Amino acid sequence: MNAIFWEISKRNIRLHMLRSSLAMLGIVIGVVAIVSMGILGNGMVMLVSDSLSSVGDSVIVMPYAGGGGMGMGGGGRTADLMLTEQNFQQIKRVVAPNLAVPVHSTSERMNVGVNSDDIIATVYGLPPDDVPDMLQLEAGSYNNQDSGCLVGTTFAKDHNVKVGSRISIGSDGQYGTLRVTGIIEERGMSFDISTDSAVVVTDKWFENTYDVNGQYDEVVVKVTNGDTATVKTTIEKQLNRNIKEKTVTVIDSKATLETIYETFGTITTFVSAIGGISMIVAGVSIFNIMMMSVNERVKEIGIMRSIGTRKRGVMTMFIYEAGIIGVCGSIAGGVLAVLAGYGISALMLQTTEYLVTVSNAITIFQGVAFGIVVCLACGIYPAWKAANLNPIDAIRHE
Amino acid sequence: MEPVIRFADVSKVYPLRAGDVTALSHVSFEVERGEFIAIMGPSGSGKSTLLNLMGCLDTPTSGDIFISGIRIQDMTDDELTDLRRDRIGFIFQYFNLFPLLNIIENVNFPQMMKAGEVVDETKAVEVLKSVHLEESLHTHTPLELSGGQQQRVAIARALINDPDILLCDEPTGNLDTKTGASIMNLMTELNKRGSTIIIVTHDPTIAAYTQRTIRIVDGRIA
Ligand SMILES: Nc1ncnc2c1ncn2[C@@H]1O[C@H](COP(=O)(O)OP(=O)(O)OP(=O)(O)O)[C@@H](O)[C@H]1O
Ligand SMILES: [Mg+2]
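Residue numbers (the working numbering), protein chains in the order written: chain F, 1 to 398; chain X, 399 to 620.
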């Protein structure tokens with residue numbers, strides 16, 4: 001449209017610099033609120049997805065514990081809630097050719113070296129043949145001796161354990177001493193087994209020590225083709241035939257991860273929406289100053305109309321005004337939001353490594369665009385009102 | 399030849415809550431090209447109403463108005479706006495220049511509306527010269543000018559699109575006698591060069607510059 005309207009809008013904003021800046025400040029705050037909340041949310045999602053391990057797709061089968069859902073991870077052993085050897089064989093048969101790994105787990109006291117403090121850690125008992133399929137080592141070698149064990153990387157760091165170190169299991173080493181043959185790579189929190197702070201022993205050693213032959217805490221199925229949902233239903237169909245008395249609870253790690261991400265996505269949206277409230281406040285102030293601008297310039301508008309400016313021209317002039325405030329405020333807000341996002345991430349997530357990401361770029365773009373849209377939307381009614389003033393009324397009031 | 403303005407039995411009624419106000423009733427007259435006319439009458443008699451109708455700022459309640467042969471009723475708002483822009487020049491008592499624009503931009507404004515873009519200043523400079531405004535003032539803003547100078551700028555703005563008619567509502571009402579006289583001399587000069595001019599005024603000495611006077615009393619031509 002006509003460049004002269006652009007000129008007039010610019011000059012009018014400059015003439016009323018203070019109030020234009022205040023309106024801009026509102027938009028700046030709105031954009032900063034929305035975008036920095038978005039950045040925080042994105043950071044949260046990244047942090048969670050980084051710490052939840054993605055060690056391939058797996059399905060976890062646990063004994064059915066009645067109505068409620070199951071907690072994730074190994075957890076303690078309850079005598080009457082165990083999977084039987086028969087359960088395991090059934091699972092193994094229906095999921096073939098996928099690998100089914102029976103898992104023993106318990107919490108146990110232990111000591112590293114002489115006179116050291118007691119440590120309490122999870123002990124997993126796994127068939128040695130299956131371990132290489134589930135766990136990667138960062139040092140040492142896999143263990144297939146009942147006198148050996150593997151330890152998680154956090155465990156190794158925290159207790160200064162190296163390949164070759166010895167760990168006494170049980171209070172006062174009542175269950176004997178195991179030699180560490182390898183350190184397991186960091187694996188993060190996982191739905192199947194969380195090994196970072198744990199000790200992994202052979203199933204034989206575990207069964208002999210705790211007398212739990214043929215009783216498993218869970219069975220982990222490694223799904224090779226990624227179709228975890230089908231494996232889950234197959235197992236449920238086979239083992240939970242009796243609807244009233246279910247045998248197992250089956251967790252689809254992939255679906256659960258997706259649910260977790262969705263939940264965080266929802267939280268991010270919700271938090272951003274709270275930021276949106278400040279945008280509404282900013283919109284109201286834009287609306288206000290636009291109405292002021294229209295009321296002050298009733299006469300000028302009347303003259304413009306009487307000497308040949310169409311309604312649309314008047315409208316354009318005011319939309320430009322709202323647009324200039326919106327674009328400047330939103331872009332300034334976007335820039336500040338990056339700084340604010342940096343600050344909040346550093347403060348609340350203790351890290352800023354998730355700042356430069358595509359999702360943050362989208363969040364910033366959306367925030368800035370939203371700010372501009374809000375300004376334009378709030379400028380529409382005042383602009384419309386200005387365009388539809390009766391030029392006679394406007395020039396009559398001297 | 400078609401008259402520039404033709405009013406045929408025109409009435410204007412303002413419907414108000416306290417009762418209808420008949421500002422004009424059954425007015426008929428014609429203005430020929432090149433005429434210089436004064437409209438006189440007591441306050442509230444309907445002079446401004448008449449001028450606004452001639453200027454297509456308003457439409458009559460009944461009767462027909464023709465501007466350069468075009469009937470203005472039933473025209474859309476945009477069409478009326480373009481008619482004002484291209485065929486009519488307005489001059490107001492309070493000058494009504496745009497304070498945010500400089501003198502050249504003010505004068506160019508109707509031309510920019512017509513072109514739809516910013517235009518160069520050649521024509522504005524030429525027109526400002528014809529209304530005798532010093533060139534040193536061209537880049538000033540209106541509020542830095544005297545009343546007489548502002549009115550000259552307003553006249554230049556009214557002339558920029560070569561209108562058929564100049565409509566002036568009390569153009570000297572806000573000026574001292576001497577400045578008023580110089581503005582009227584300018585008007586006379588413009589009329590001699592071919593402009594059709596209609597001036598609303600209370601002042602008989604202003605009316606004396608014109609060739610014909612239309613008197614209005616209580617919304618009727620007397
Ligand atoms: N927009 C309007 N709404 C309602 N009534 C109006 C309007 N414009 C004019 N009138 C009424 O119409 C009548 C004529 O008004 P108008 O302004 O034409 O008078 P005028 O001759 O120009 O007076 P003055 O010399 O004081 O300017 C007056 O009674 C006025 O109150
Ligand atoms: Mg009047």
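Note that the Cβ used here is the ideal one computed from N, Cα and C, for glycine as well. Quantities reported herein were computed from a predicted structural model and do not represent experimental measurements.
Within 7 Å of the CB of N450 of chain X, the CB atoms of chain F belong to I392, in sequence order along the chain.
Per DSSP, the continuous alpha helix (DSSP H) segment holding F270 of chain F begins and ends at S253 to E296. Of the other Cβ atoms in all chains shown, fewer than 16 fall within 10 Å of the Cβ of P413 of chain X; this residue is therefore exposed.
When the alpha-carbon of G41 of chain F is set against those of F:T363, F:M292, F:F5 and F:G379, the nearest one is in F:T363.
Among the residues facing chain F, M510 of chain X is included, as its CB has a counterpart in that chain under 7 Å away. Taking the Cβ of S306 of chain F as the reference point, every heavy atom of ligand 2 lies at 6 Å or farther away. Short of 6 Å from the beta carbon of V45 of chain F, and not among the five residues preceding or following it, lie these beta carbons of its own chain, in chain order: F264. C-alpha of L349 of chain F to C-alpha of I167 of chain F: approximately 35 Å in a straight line.
In this model, R179 of chain F and T209 of chain F are separated by some 16 Å (Cα to Cα).
DSSP, read as helix, strand or coil, puts D407 of chain X in strand. With contacts defined by Cβ atoms closer than 7 Å, F405 of chain X and S426 of chain X form a contacting pair.
With contacts defined as CB atoms closer than 7 Å, R550 of chain X and V523 of chain X fail to qualify as a contacting pair. Short of 6 Å from the beta carbon of V419 of chain X, and not among the five residues preceding or following it, lie these beta carbons of its own chain, in chain order: Y412.
Excluding its 5 nearest sequence neighbours in each direction, I286 of chain F has C-beta neighbours in its own chain below 8 Å: A23, G26, I27, A322, I325, G326, V374, C375, C378 and G379, listed in chain order.
According to the DSSP assignment, V180 of chain F belongs to the beta strand (DSSP E) that extends over T177 to I184. Take the alpha-carbon of I392 of chain F and the one of M585 of chain X: they are about 24 Å apart.
DSSP places D484 of chain X inside the alpha helix (DSSP H), whose first and last residues are D475 to R485. Between the C-alpha atoms of V201 of chain F and S147 of chain F there is a straight-line separation of about 8 Å. The straight-line gap separating the alpha-carbon atoms of I596 of chain X and I604 of chain X is approximately 12 Å.
With a cutoff of 6 Å, K445 of chain X counts as near ligand 2, since its C-beta is closer than that to a heavy atom of the ligand. Interface criterion met: the Cβ of L498 of chain X is under 7 Å from a Cβ in chain F.
Among the CB atoms of chain X, none fall inside 7 Å of the CB of T269 of chain F. The criterion of a C-beta distance shorter than 7 Å is not satisfied by N143 of chain F and T106 of chain F.
Residue-level contact check: N572 of chain X does not touch chain F, since none of the beta carbons of chain F fall below 7 Å from its beta carbon.
Nearest CB-CB separation between R19 of chain F and chain X: not below the 7 Å threshold. Interface with chain X (7 Å Cβ-Cβ cutoff): T309 of chain F is included.
Of all C-beta pairs linking the region 221–229 of chain F to the region 56–65 of chain F, three or more are shorter than 8 Å, placing the two stretches in contact. Nearest in C-alpha terms to L257 of chain F, of all of F:Y381, F:Q145 and F:M189, is F:M189.
If you draw a straight line from the Cα of I120 of chain F to the Cα of L339 of chain F, it is about 42 Å long. Buried is the label assigned to E503 of chain X, since at least 16 other Cβ atoms lie within 10 Å of its Cβ. In this structure, S460 of chain X sits near S409 of chain X, with a CB-CB distance shorter than 7 Å.
Annotation for S466 of chain X: E400, V402, R485 and D562 place their beta carbon closer than 7 Å to its own, counting only its chain and skipping 5 residues before and after. Among the residues of the region 477–491 of chain X, those with a Cβ less than 9 Å away from any Cβ of chain F are T479, D480, L481, R482, R483, D484, I486, G487, F488, F490 and Q491, in the order of the chain. By the rule that beta-carbons nearer than 7 Å mark a contact, L535 of chain X does not touch chain F.
Between the beta-carbon of A198 of chain F and that of G152 of chain F there is about 5 Å, and that keeps the pair under the 8 Å contact cut. Looking at the DSSP output, K222 of chain F bridges to F:S58 and F:L99.
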